[in-house]
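All letters in the sequence shown, in the order written, are residues -19 to -1, 1 to 506 by mature numbering (1 follows the signal peptide of the UniProt record, and there is no 0).
For each residue, glycine too, the CB sits at the ideal point set by N, CA and C.
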Amino acid sequence: MPIPIAFLFLLLAASSHDAAPVVASAVPQPRGFYINCGSEKEEQIGSIKWIQDEGFIAVGNVSAVDKPNIMPLLATVRYFPDATARKYCYQLPVVKGSRYLVRTTYFYGGFDGGAEPPVFDQIVDGTRWSAVNTTDNFRRGMSTYFEMVAEAQGKTMSVCLARRADTKSSPFISALELVSLDDSMYNTTDFDKYVMSTVARSRFGGKGEIVSYPDDQYNRYWAPFTDANPTVESHSPITPEEFWNMPPAKALRAGMTTSRGKKLSVQWPPVELPAATYYVALYFQDSRTASPYSWRVFDVAVNGKEFFRELNASAAGVMVYSTMMPLSGKTEIVLTPNETSPVGPLINAGEIYQIVPLGGRTATRDVVAMEDLARSIKNPPPDWAGDPCLPPQNSWTGVFCSEGSPVRVISLDLKNHGLSGSLPDSIGNLTGMKNIYLGGNKLTGSIPDLSSMHILEELHFEGNQLSGPINPSLGKLANLKELYLNNNNLTGQIPESLKNKPGLDMRKIQFDDEGRRAKASETVG
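Shown next, in the form of structure tokens:
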């Protein structure tokens, strides 16, 4: 994962905590979730109604941020002091196959009495997104936000925080947004293989505040960007729906230009990029009143390489893009006018995203089965949310997984964890499982049908409160080598298929004279 990208966010996507415009609008709030982490109530902030994070996460503590005149969105945090958990996950309902903008916002504010914020990771589903290092912005009294565009792989999307080796205190989060995007937006990216991590989204020649909702119906942030080049205001009406990706009209009303016959050179973004592959979208719109006798034609080059030839930036506007562009270091956009063009070139807005490969995918049937198990256990480990296997260093406690694609759950070890609850029938769908160690807990209910777990070798349920008969499906497990069921409340007889199974190490269950209940055990071969 591209760790340096966080540095770009700190420079390009940081906003002071009094920067959000407060406006009233009849435009419907963008579809999605706007979560004020740690807040005790719903709150209208600017044009957006923010909700509490209750119901989206089951772990962590909340704290107020004691700073004068702080905006409500940054006034609370949810933080995660449990250092034993491998990750701490929000889970949000989504529509599989739909595209979403994910935004996380952080403002430390010294909520825990520390001198500087911790550094930690953020994860979306099974992909490590980036490191979160807000130290520089905290020193300047600023918040930090991160964005990505991703496609839902299932019915929920998880956004998680995780400790690193250098994490010195509790990871925290101020706000989380999940905004539903139109299917046509950014649709040239293969979201089955990649996500797009925002580097910059700028309106050239613009001044003042960040443009967002209600001007942008998807609440994207368009930051002003200017340099030494002349600027110009548009005199033509702009229809966002006619542009690919639907940029807001306000983001295109200004532009940077130069004189007739001269090249326009723009260094953007104004920081060095880590060597990677990027999605680059550039937006152009002739600022003059539309006329059949006016045109503005020029070539577009990025870092000396042809990007688009003889682009005609009409009053209606046009967007050009590259989906997989290798870039590193400084980036220079050069617009070279056509000899016949009566005016100089101009540029109005731009977006750049780093293309991040997905971190793999856990088999859907395994994810569903493990989520069922997490719901059936009343007190699962605190990190039992999000992807059970990925990223590998952040798999669920006690869960071990295979490599390759798709990733499978192959072992479960939560012996002596004090677990209560029951085992769902869907645990039998974990067909890649080789070992289950759940002994020494307080599990109740019956043993499910496990006949589909053909490669299961070791099954340890001893020392629980399981009841009912021994499921005869256990005798169908050809590879079963160890079966420990002693010290439970099982009834009935041991199935003949288990009694006579060669090579099976079984903790034999002895029943009372009525054949009802286990009361002692011994090891048999």
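Beta strand (DSSP E) segment containing residue i, residue limits
i	result
W445	Residue identity check: residue 445 is Asn in the sequence provided, not Trp. Segment: none, N445 is in no beta strand (DSSP E) and carries neither H nor E.
V324	Premise fails: V324 is in no beta strand (DSSP E) and is neither H nor E.
D280	V278 to V283
Y465	E463 to Y465
W31	I29 to W31
R109	T108 to V113
F288	K286 to N293
V380	V380 to C382
N470	N470 to T472
D102	F101 to V105
T125	M123 to E132
A204	A204 to F206
I26	E24 to I26
Nearest-angstrom Cα separation, counted from residue j out to residue i
i	j	result
P373	R67	10 Å
L354	V140	20 Å
Y418	L424	12 Å
A282	Y334	18 Å
R80	D163	7 Å
S432	S478	13 Å
N226	S246	24 Å
I38	W31	16 Å
A181	V83	15 Å
R488	V337	50 Å
P255	S309	5 Å
G298	A64	52 Å
K415	L54	47 Å
L455	P307	55 Å
A350	L411	7 Å
Y465	E384	28 Å
D486	G420	16 Å
M434	S151	39 Å
G187	S322	25 Å
L233	K149	44 Å
G426	A156	40 Å
F61	G19	11 Å
A236	D267	The question names Ala, yet the displayed sequence has Gly at residue 236. C-alpha separation (whole angstroms): 9 Å.
V160	N481	59 Å
A296	I154	43 Å
S44	G449	47 Å
Bridge-paired residues (DSSP) for residue i
i	result
G236	V213
Q374	DSSP output for Q374 lists no bridge partner at all.
Y71	V140
E158	Y15 and R84
E253	DSSP lists no partner for E253.
N42	Y60
K335	The sequence given here places Gln at residue 335; Lys does not occur at that position. Answer by DSSP bridge pairing, in chain order: S178 and Y259.
I417	L393 and L440
S401	K423
E313	Q248
D486	E463
S454	In DSSP, S454 forms no bridge with anything.
V388	T343
M300	Y264
L308	A257
V192	W203
A330	R184 and Y264
Cβ-based burial, residue i [other Cβ within 10 Å; buried from 16]
i	result
P369	buried
V348	buried
T345	exposed
G484	exposed
V76	exposed
D364	buried
D34	buried
I16	buried
I328	buried
G340	buried
I104	buried
S6	Legend: pLDDT at S6 = 49, less than 50; position of this residue unreliable, no value from coordinates given.
M300	buried
H216	exposed
T85	buried
Q474	exposed
K136	exposed
M138	buried
Host alpha helix (DSSP H) of residue i (start-end)
i	result
E222	Counting along the chain, E222 falls outside any alpha helix (DSSP H), and DSSP gives it neither H nor E.
N118	T116 to R120
D353	T345 to S357
L479	E477 to K480
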